[in-house]
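For the sequence shown, this note's numbering assigns the number 918 to the initial residue and increments by one for each residue that follows. We treat Cβ as the ideally placed atom computed from N, Cα and C, and that holds for glycine. Treat the numbers as computed from the prediction; the structure is a model and nothing was measured. A quick write-up on the structure given underneath.
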Amino acid sequence: MEQALERAVDFYRQGNFEQAEVALNELRKSGGETPDALHLLALIKLKSGHPATAVEHLNKSLEDRSDSSELLALPASAYRRDGRLMEAVGAFEKAVALDPDQADYLYNFGNALREVGRLEEAAKNFQKAVALDPGFTDARFNLG
C-alpha cells in the first residue's frame, strides 16, 4: 500500500493529476483509504477545480487527525473557493488556533473575514501576518 501511495504522490508532483487519482482510487479499492491518501485526493480535486469534492475528502481525512492545522486550512480554502464563506471562516479559525504563528493561515483567515464583512477582525489578522513575516506583501497590501 505504501508503494501505491508513493506512486500517486509521484504522479501528483509531476502534475499528472489524472494518473495520481487513478492510483489513489485503486489504493482505496484495496482497502488503503488512509488519511494521507484522502488528503492527496483532496489536493487533486482542489487543483482540478472541484472544491466541494475536495472538502468531502478532507473532512473524511480529518476524522482521525483533527489536530492538524494543515489539514484544517485546506478545507477552509476549498470552502472559500466554493463560496461557503462562513464555513471557511470557521475552518480557518480552527487552523489559526492550532498554529497561530503561521502567517499564511492568518492572511487567508483575514481574507475570509473580510469577505463576510468582519473588517476589523480581518485587519487584525493581516497585522499579525505582517508581524510574523514583514515581507508578506499581500498581507501588507490588504492593510491599505
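query, result
"Alpha-carbon to alpha-carbon, R1057 and E987", "23 Å"
"Host alpha helix (DSSP H) of D1021 (start-end)", "A1020 to E1032"
"Check whether L1049 and D1016 have beta carbons under 8 Å apart", "no"
"CB of V1033 within 8 Å of CB of M1003, strictly", "yes"
"Distance, Q936 Cα to F928 Cα", "6 Å"
"Beta-carbon proximity list for H974, same chain, < 8 Å, skipping 5 on both sides", "L955, H956, L958, A959 and K962"
"Nearest-angstrom Cα separation, counted from G1007 out to A990", "10 Å"
"Residue burial classification, L1036 (beta-carbon count within 10 angstroms, cutoff 16)", "exposed"
"Coarse secondary structure for F1053, derived from DSSP in three states", "coil"
"For N933, three-class secondary structure by DSSP", "coil"
"Closest Cα partner of G1000 within the set L941, Q920, R945 and A969", "A969"
"Within 8 Å, strictly: CB atoms of Y1022 and V1013", "yes"
"Helix, strand or coil at R1035 according to DSSP, with G and I counted as helix", "coil"
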